[in-house]
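Shown next, in structure tokens, is the structure this report addresses.
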Amino acid sequence: MLVRELADFIETLAPSGLQESYDNVGIQTGDPETEVTGVLVTLDITEGTIEESVKKGCNVVIAHHPLIFKGLKRLTGSTLVERAVIMAIRHHIAIIILHTNFDNAPRGLNYHLAGKLGIRKPSVLSPMDGSLHKVVTYCPESAADSVREAMFMAGGGRIGEYDRCSFNTEGTGTYRPLEGSDPYIGSPGEFHSGREVRVEMVVPSYLSGKVVNAMRKAHPYEEVAYEVFQMMNSDPYTGAGMWGELETPIPVIEFIEKVKQELGAEGIRYSRWEGEAIKRVGVCGGSGSFLIEKAIRLGMDALITSDLKYHAFTDYGKSLLLVDAGHFETELLMTGIITEAVQKKFTTFASHISAHLRNPIIYHK
Ligand SMILES: [Zn+2]
């Protein structure tokens with residue numbers, strides 16, 4: 333199994349096309365054509381992580397936070413990041429990052445976080461704009477099945493828990509092949525009119541190039557007529573945060589205790605909300621203050637996230653229960669999800685959660 337193939341698998345869990353514009357996901361160091369000897373999964377990469385991976389015989393580190401994030405101008409070893417990069421390169425360690433692409437993925441970090449906290453049937457809190465395309469093509473009736481199939485296989489036609497969704501209209505297509513053409517049906521210089529099928533389906537925008545290529549490859553015509561539309565409706569399955577309802581309403585203090593237990597948090601900061609019980613809950617692992625207003629608009633009783641500033645509590649803390657459960661605590665579950673997924677998929681090498689995983693923040697009690 334090559335590093336490239338492992339990265340392709342990670343892409344199915346967290347498509348890189350779903351990352352935020354400021355992010356830097358994917359393979360950051362290492363040769364994609366190298367055989368994987370073992371995988372270490374962590375949240376943050378330090379020199380200790382690289383040392384551990386060398387000791388455990390793992391030549392791949394999968395992490396949530398990008399090691400190389402804002403760009404590197406030199407590699408002299410003067411910062412922790414530079415030293416970790418140098419060490420990774422020296423020991424031929426491949427680093428693969430899945431970050432906001434995993435946060436925004438349909439079954440990504442927030443989906444699992446919601447499940448852990450007992451939120452049922454979670455939906456995306458803030459669906460991504462511009463995340464859907466529609467791809468349309470016209471092909472002879474005899475080729476419609478294979479063209480449609482090729483588009484499905486490339487990721488087209490998936491709507492929530494349904495796949496192979498398409499719409500097909502029969503009609504009449506016309507063309508006249510010009511000199512130099514080599515038509516699949518008809519002859520140069522002769523007007524042609526024949527039965528065709530208009531095949532159309534929704535496609536996540538990050539897969540639209542792949543679907544168009546697959547469609548063109550399967551299409552029998554020399555010149556393929558096709559259209560790609562940007563859809564105005566967002567994909568309700570991709571985007572930031574998740575929300576849903578608890579099975580039964582829970583009093584505030586009981587709810588805070590539950591969050592603390594489930595996330596293994598040492599301390600929780602929460603607002604002076606005056607409501608009695610919590611039922612509708614939004615979650616966003618990591619820094620989620622950008623979702624507060626959205627959560628209020630959607631009528632959440634509580635929003636669980638991290639990195640909340642003082643003024644988030646003063647400005648919004650009475651509109652809903654704001655819960656800062658910690659950045660590390662709300663993202664930690666990523667390591668288990670990814671380790672398990674990699675172990676399930678690949679049996680030729682071992683995958684471990686890093687023993688160096690620890691909260692960089694200490695709580696004094
Ligand atoms: Zn984070």
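The C-terminal position of the sequence shown is numbered 697 in the numbering used here, with every residue numbered one higher than the one before it.
Cβ coordinates follow ideal geometry from the N, Cα and C atoms, glycine included.
Fair warning: this is a prediction, and the values are worked out from it, not measured in the lab.
Asked: Asp639 classed as buried or exposed, judged by whether at least 16 other C-beta atoms fall within 10 angstroms; Found: exposed
Asked: Exposure label - Asn436; buried when at least 16 CB within 10 Å; Found: buried
Asked: Check: Glu663 C-beta below 7 Å from any heavy atom of ligand 1; Found: yes
Asked: Nearest residue (CA-CA) to Asp376, options Asp363, Gly389 and Ile400; Found: Ile400
Asked: Short Cβ contact (8 Å threshold) for Asp633 with Lys611; Found: yes
Asked: DSSP-derived helix/strand/coil call for Val368; Found: coil
Asked: Distance cut-off 7 Å: His444 Cβ against heavy atoms of ligand 1; Found: no
Asked: Reduced DSSP category for Met632 - H, G, I as helix; E, B as strand; rest coil; Found: coil
Asked: Thr381, DSSP secondary structure in three states; Found: helix
Asked: Phe561 (DSSP reduced to helix, strand or coil); Found: strand
Asked: Beta-carbon contacts of Glu414 that lie in its chain and below 8 Å, excluding the five residues immediately before and after; Found: Leu404, Arg406, Leu407 and Thr408
Asked: Where the beta strand (DSSP E) through Met485 begins and ends; Found: Taken as a continuous stretch (DSSP letters only), Met485 belongs to no beta strand (DSSP E), being part of the alpha helix (DSSP H) at Ala476 to Met485.
Asked: Spatially closest choice to Gly492 from Ala476, Glu379 and Pro454, by CA coordinates; Found: Pro454
Asked: Integer Cβ distance of Ile427 from Thr361, believed to fall under 8 Å; Found: 5 Å
Asked: Own chain, CB closer than 6 Å to Thr671, minus 5 neighbours either side, in chain order; Found: Val373, Ser683 and Ile685
Asked: Near ligand 1: His424 beta-carbon under 7 Å from a heavy atom; Found: no
Asked: Sequence-distant residues of its chain with Cβ nearer than 8 Å to Thr571 (five each side left out); Found: The residue asked about is misnamed: residue 571 is Gly in this sequence, not Thr. Asn436, Val456, Leu457, Ser458, Pro459, Met460 and Ser463, listed in sequence order.
Asked: Three-way DSSP call (helix, strand, coil) for Val615 in this model; Found: strand
Asked: Distance between Glu337 and Asn391 (C-alpha atoms, nearest Å); Found: 14 Å
Asked: Alpha-carbon spacing of His423 relative to Asp355, whole angstroms; Found: 25 Å
Asked: Cβ-Cβ separation, Tyr538 to Gly358 (assumed contact under 8 Å), whole Å; Found: Incorrect: roughly 13 Å between the Cβ atoms, too far for contact.
Asked: Beta strand (DSSP E) runs wholly inside the stretch 531-576, at least 3 long, in chain order; Found: 558-562
Asked: Gly709 CB to nearest heavy atom of ligand 1 below 7 Å; Found: Absent from the model: residue 709. The displayed extent of the chain is 333 to 697, so no value can be given.
Asked: C-beta contact flag for Ala476 and Val393 at 8 Å; Found: no
Asked: Minimum Cβ-Cβ distance from Cys497 to chain B less than 8 Å; Found: In the structure shown, chain B cannot be found, because there is only a single protein chain.
Asked: Which of helix, strand or coil DSSP assigns to Gln593; Found: helix
Asked: Gly573 vs Gly631 beta-carbon contact at 8 Å; Found: no
Asked: Three-state secondary structure assigned by DSSP to Glu473; Found: helix
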